[in-house]
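Under this note's numbering, the first residue of the sequence shown carries the number -13, and numbering increases by one thereafter.
The beta-carbon is built from N, C-alpha and C at its ideal position, and this holds for glycine as well.
Working notes, structure below.
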Amino acid sequence: MKGPLFYSKILLFGEYGIIKDSKGLSIPYNFYNGALKLDKNLSEKSRKSNENLRKFAAYLEALQENDPGLVQFDLEELREDISKGMYFDSSIPQGYGVGSSGALVAAIYDKYATDKITVLENLTRDKLLKLKKIFGEIESFFHGKSSGLDPLNSYLSIPILINSKENIEPAGIPSQTENGTGAVFLLDSGITGETGPMVSIFMENMKQEPFRKMLKDQFVKQTDACVDDFLKGDVKSLFSNVKKLSHTVLDNFKPMIPAKFHKLWKKGIETNDYYLKLCGSGGGGYILGFTEDIYKARKALKDYNLEVVYNF
-13 MKGPLFYSKI LLFGEYGIIK DSKGLSIPYN FYNGALKLDK NLSEKSRKSN ENLRKFAAYL
47 EALQENDPGL VQFDLEELRE DISKGMYFDS SIPQGYGVGS SGALVAAIYD KYATDKITVL
107 ENLTRDKLLK LKKIFGEIES FFHGKSSGLD PLNSYLSIPI LINSKENIEP AGIPSQTENG
167 TGAVFLLDSG ITGETGPMVS IFMENMKQEP FRKMLKDQFV KQTDACVDDF LKGDVKSLFS
227 NVKKLSHTVL DNFKPMIPAK FHKLWKKGIE TNDYYLKLCG SGGGGYILGF TEDIYKARKA
287 LKDYNLEVVY NF
C-alpha cells in the first residue's frame, strides 16, 4: 500500500493574527510531502511513526465517542493497517512551521473517514468550515489547540484565503513571474520550534492591554494589507506593508524570533535587501523572507540556506 501524497503548506500571512480574526493566506508547498505506507520491516524512524499512529488511533476513537456527529472513521481498518506496519513516510520537517502534522491529518482523513467531504465536490463555505472544524479537532492531538488550517490546505492542495474565523474561501493567487527577481523564500534557522510554548507566550501577552492594542492597530491591519496586496499583485505596496509588518514583529514578538536572528532581522529592515517575518508560530524552524531582489538577499544572507517558494 502507498497512499496519495499530501503536501506541506506555508502560511504567507496571518500567523497569530488569525487567532484574533486578521486575514490570512495559506498556500500549498509541494517541495515537501508525505504519504501513508505499509511495510513489514520498519526502520527506526518508521517504527516511531507507527507507534505514534497507534496513539493517534486511540485519540480518534475517543473523539468519535465524544462527538459522534463531527466525524466517523473506519477504526477497524485503521487499527488493522497499523498492526501490519503502517507509517507516515514524510519529507516534511517537523517543528519547522510548514505543516508536518497537517499532512498526516489530511492523509488519515482521506483514507479512513467515512462519509467524507471530498476535494471533487462543490466546496461551499459551509463545507470548508466543517472540514476546518473536523481537522482542528483531529490536529489538536499533536499540539494543543489547532485552527485546522494546515490539514485543510494539505487536503485540498489549493491556496486558502482566511477572511475571518467564520469566513474562508479558496483563493486565486497571481501566477508566478518566471524570471522575476522578487521572491518569497524560506530561511532555515537550524533550530526546531515547538508550537505549544509559542502560542502560550502569545496568549499570556494577550492579557496585557498595550499588546492587544498593538495587535489590533498595527499587526492585524498590516497583515490584512499584505494579504490584499498579494492577491491583487500590487508588489510595490506589498513590500511597503511587509516592511512595516517585519518591524512590528521585531518590536513585539521577540520571544518567537530565535535570538541569533534579531540582528539579521533588523539589518533587513535597515538595508531593504530583504524583510523577515514569522513562518508559523516561530521559535525556530523556518523564517519567511520577502525580497525585491533575490540576488541581493542571497548575498546578504550568504551564510544561510534559502529556498525560494514564490517569484514576483
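**OP:** Reducing DSSP to helix, strand and coil, say where Glu293 ends up.
**Re:** Residue numbering aside, residue 293 sits at position 307 when the sequence shown is read from its first letter. Three-state result, Glu293: strand.
Original post:
With which residues is Asp75 paired in a DSSP beta bridge?
Top reply: Position 89 of the sequence shown, counted from the start, is the residue given in the question as residue 75. Bridge partners of Asp75: Ala21.
Subject >> Sequence-distant residues of the same chain with beta carbon closer than 7 Å to Ala93, five excluded per side >> reply: The residue labelled residue 93 in the question sits at position 107 within the sequence shown. Around Ala93: Gly(-11), Phe(-8), Gly20, Ala21, Leu22 and Phe74.
Original post:
Which stretch, first to last residue, makes up the beta strand (DSSP E) that contains Glu155?
Top reply: Position 169 of the sequence shown, counted from the first residue, corresponds to residue 155. Run containing Glu155: Asn153 to Pro156, per the beta strand (DSSP E) assignment.
Original post:
Under 8 Å between the Cβ atoms of Val235 and Gly3?
Top reply: Counting from one through the sequence shown, the residue named residue 235 turns up at place 249. Counting from one through the sequence shown, the residue named residue 3 turns up at place 17. For Val235 and Gly3, no; Cβs fall outside 8 Å.
Original post:
Per DSSP, Thr277 forms a beta bridge with which residues?
Top reply: The residue given as residue 277 occupies position 291 in the sequence shown. Per DSSP, Ala169.
Original post:
Would you call the stretch 247 to 256 and the stretch 137 to 149 in contact, with 3 or more CB pairs under 8 Å?
Top reply: no
Original post:
With 16 other CB atoms within 10 Å as the buried threshold, where does Asn16 fall?
Top reply: Within the sequence shown, the letter at position 30 stands for residue 16. Exposed is the call here.
Original post:
In its own chain, which residues sit with a C-beta less than 8 Å from the C-beta of Lys202, not counting the 5 before and 5 after it?
Top reply: As a working note, residue 202 is residue 216 in the sequence shown. If we look at Lys202 and ignore the five residues flanking it on each side, its Cβ neighbours are Lys6.
Subject >> Where Leu106 falls, given that 16 or more other Cβ within 10 Å makes a residue buried >> reply: Translated into positions along the sequence shown, residue 106 becomes position 120. By the neighbour-count rule (16 or more Cβ atoms within 10 Å), Leu106 is not buried but exposed.
Original post:
Quick one: is Pro302 buried, meaning 16 or more other Cβ sit within 10 Å of its Cβ, or exposed?
Top reply: Lying outside -13 to 298, the shown extent of the chain, residue 302 is not represented and no answer is given.
**OP:** State whether the stretch 117 to 134 contacts the stretch 80 to 88, with contact taken as three or more CB pairs (one from each stretch) at a distance under 8 Å.
**Re:** yes
**OP:** Could you tell me which residues DSSP puts in a beta bridge with Asp174?
**Re:** As a first step, residue 174 is located in the sequence shown; it is residue number 188 there, counting from the start. The partner list for Asp174 (beta bridge, DSSP) reads Tyr272.
**OP:** Could you pull out every residue in the same chain whose Cβ sits closer than 8 Å to the Cβ of Gln58, ignoring the five residues on either side in sequence?
**Re:** In the sequence shown, residue 58 corresponds to position 72, counting from 1. Cβ neighbours of Gln58 beyond the five flanking positions: Gln50, Ala99, Thr100 and Asp101.
**OP:** On the DSSP bridge assignment, give the partners of Pro14 in chain order.
**Re:** Numbered from its first residue, the sequence shown carries residue 14 at position 28. The partner list for Pro14 (beta bridge, DSSP) reads Lys(-5).
Subject >> Nearest-angstrom Cα separation, counted from Ser186 out to Gly168 >> reply: Here residue 168 refers to the residue found at position 182 when the sequence shown is read from its first residue. Here residue 186 refers to the residue found at position 200 when the sequence shown is read from its first residue. If you take the alpha carbons of Gly168 and Ser186, they lie about 35 Å apart.
Subject >> Same chain, Cβ closer than 6 Å to Ala283, five either side skipped, listed in chain order >> reply: By 1-based counting over the sequence shown, the position of residue 283 is 297. Hits under 6 Å: Asp259, Tyr260 and Thr277.
Original post:
What do you reckon, are the CB atoms on Leu39 and Ile13 nearer than 8 Å?
Top reply: On the sequence shown, residue 39 is found 53 positions in, with the first residue counted as 1. On the sequence shown, residue 13 is found 27 positions in, with the first residue counted as 1. Taking 8 Å as the Cβ cut-off, Leu39 and Ile13 do not qualify as a contacting pair.
**OP:** Report yes if the C-beta distance between Val213 and Lys9 is below 8 Å; otherwise report no.
**Re:** Looking up residue 213 in the sequence shown gives position 227. Looking up residue 9 in the sequence shown gives position 23. For Val213 and Lys9, yes; Cβs fall inside 8 Å.
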